[in-house]
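First the structure, in the form of structure tokens, and then the observations on it.
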Amino acid sequence: MTRPSAPRPPSADELREPDRHLTSLPGWRVFVADQPSIPVLLSDADRDALSPAERTRYEEERIDHHTRLLVVATSTIKHTTICGRRLMLLNRHAVSARRGLIISGPAGTGKTTAITQLGLAHELLDRARHPGVSDRIPVVYITVPPAATARMMAVEFARFLGLPVGTRANITDVLESVCGVLIDARVGLVLVDELHNISLTTRSGAEVADTLKYFSERIPATFVYAGINVEREGLFNGTRGQQIAGRFTLIPTAPLTYNAEWQGLVATLENALRLHAHRPGTLTSLDRYLHQRTGGMIGSLSHLIRGAALDALLAGSERITKKGLEAVPLDHGSEFD
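Below, the structure written as structure tokens:
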């Protein structure tokens with residue numbers, strides 16, 4: 508297998524759909540480069556003065572803004588970033604037994620957002636320290652496939668890097684190629700999501716854990732894992748589990764309680780809205796209802812507010828009301844009776 512070159516990051520228009528995913532190097536680079544600005548909300552007079560083409564573009568910009576809204580620096584994201592940065596510094600001169608981080612909690616509590624924001628912060632810092640350098644790969648992001656095997660895990664790393672893997676390539680060849688590229692590219696952070704897909708009670712799951720351990724010993728990087736309630740699924744049981752527990756710091760995540768952080772989160776999301784007829788304070792006055800409706804799940808809150816905003820744009824009402832919020836269906840785990 509040959510090692511990949513370091514081409515310029517492709518634009519979003521150049522990417523095929525698979526290459527938009529964070530689990531590929533082009534997709535990750537687009538994620539890092541994609542720092543959209545919040546569109547300016549025009550006055551009614553200025554909006555009425557737009558030409559038809561300008562009006563269409565203005566409306567599309569607002570729609571696109573509400574499809575993504577913004578990432579709010581919650582306590583989980585802040586804690587993950589601080590702990591991750593600390594571990595990376597502590598691991599800087601380590602030659603073995605590097606320490607890692609595990610983010611674990613129920614679905615929808617911001618685990619993926621937390622680790623990807625940690626990766627984003629590290630990548631931007633690395634780029635600032637090495638301006639104009641194109642052959643570095645500061646961050647790797649992969650997910651553990653369902654029913655993963657050791658070879659599948661190794662191939663996920665190769666796929667992120669764009670390394671060709673033939674059907675006859677054995678796992679040793681894949682491991683050597685991946686480790687060689689990542690060492691040469693000075694990777695500093697490896698993010699592994701969907702860790703709950705590993706079960707140490709099965710032979711294949713144990714082999715996947717051993718493969719990740721091998722990568723962490725060969726690659727001079729800090730490894731950060733995220734998964735759903737992994738401590739309850741036996742990840743720390745047995746000899747392998749004890750080794751993981753001895754090297755990794757656990758950061759638990761949970762639904763937010765109704766407190767000042769939740770109220771501030773709702774207020775921040777409301778301030779990011781770009782709706783002409785929305786009355787400021789509408790969402791903050793409904794923050795208790797929003798907490799009850801979403802169960803304190805950050806992902807569900809974001810989905811609910813973005814969905815209501817898009818409905819308001821498409822229907823032309825340009826405002827979010829409780830009735831509009833009630834019209835947006837949520838995931839079954841968040842809905843209340």
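The sequence shown begins at 508 in my numbering and counts up one residue at a time. Here a beta-carbon is modelled for each residue, glycine too, at the ideal position from N, C-alpha and C.
- Beta-bridge pairing by DSSP links A733 to I610.
- Between S611 and E738, the gap from beta carbon to beta carbon is short of 8 Å.
- In the displayed model, L757 falls within a strand according to three-state DSSP.
- Under DSSP, L698 forms a beta bridge with Y648, V731.
- A774 and C590 have their C-alpha atoms roughly 27 Å apart.
- Y796 carries a helical assignment under DSSP once its states are collapsed to helix, strand and coil.
- Membership of H572 in the alpha helix (DSSP H) is indicated by the continuous run 559-575.
- In the three-state reduction of the DSSP assignment, G591 falls in the helix class.
- One alpha carbon belongs to V685, the other to V672, and they sit about 11 Å apart.
- N704 is not a Cβ neighbour of A752, given a cutoff of 8 Å.
- Excluding five sequence positions before and after F667, the CB atoms of its chain that fall closer than 8 Å to its own CB belong to T530, S531, L532, W535, V647, Y648, I649, given in chain order.
- Going by DSSP, D551 is part of the alpha helix (DSSP H) stretching over 551-555.
- Taking a C-beta distance under 8 Å as the contact criterion, T616 and A761 qualify as a contact pair.
- With respect to A819, L782 sits close: the two C-beta atoms are nearer than 8 Å.
- When rounded, the separation of the alpha-carbon atoms in Y765 and L776 is 16 Å.
- Secondary structure at N766: coil, using DSSP grouped into helix, strand and coil.
- In this structure, R606 places its C-beta atom within 8 Å of the C-beta atom of L594.
- The Cβ-Cβ distance between R569 and P546 falls below 8 Å.
- For L627, the enclosing alpha helix (DSSP H) starts and ends at 618-636.
- Approximately 11 Å separates the beta-carbon atoms of A665 and I678; this is outside 8 Å, ruling out the contact.
- Around the beta-carbon of D700, 16 or more other beta-carbon atoms lie within 10 Å, marking it buried.
- The beta carbon of L557 sits closer than 7 Å to the beta carbons of Y565 from its chain, once the five residues preceding and following it are set aside; these are given in chain order.
- Annotated as proximal: M660 and V715, with beta-carbon spacing under 8 Å.
- Taking the Cα positions, R800 is about 24 Å away from G734.
- Rounded to the nearest angstrom, the Cβ distance from S809 to L576 is 6 Å, consistent with a contact under 8 Å.
- The Cβ atoms of I690 and I726 lie closer than 8 Å to each other.
- Note that the C-beta distance between V697 and I622 is not below 8 Å.
- In this structure, L631 lies away from V688, with their beta-carbon atoms at least 8 Å apart.
- Sorting R754, P652, G806 by C-alpha distance to the C-alpha of A614 places G806 at the top.
- Between R747 and A713 the beta-carbon gap is near 6 Å, inside 8 Å, which marks them as a contact.
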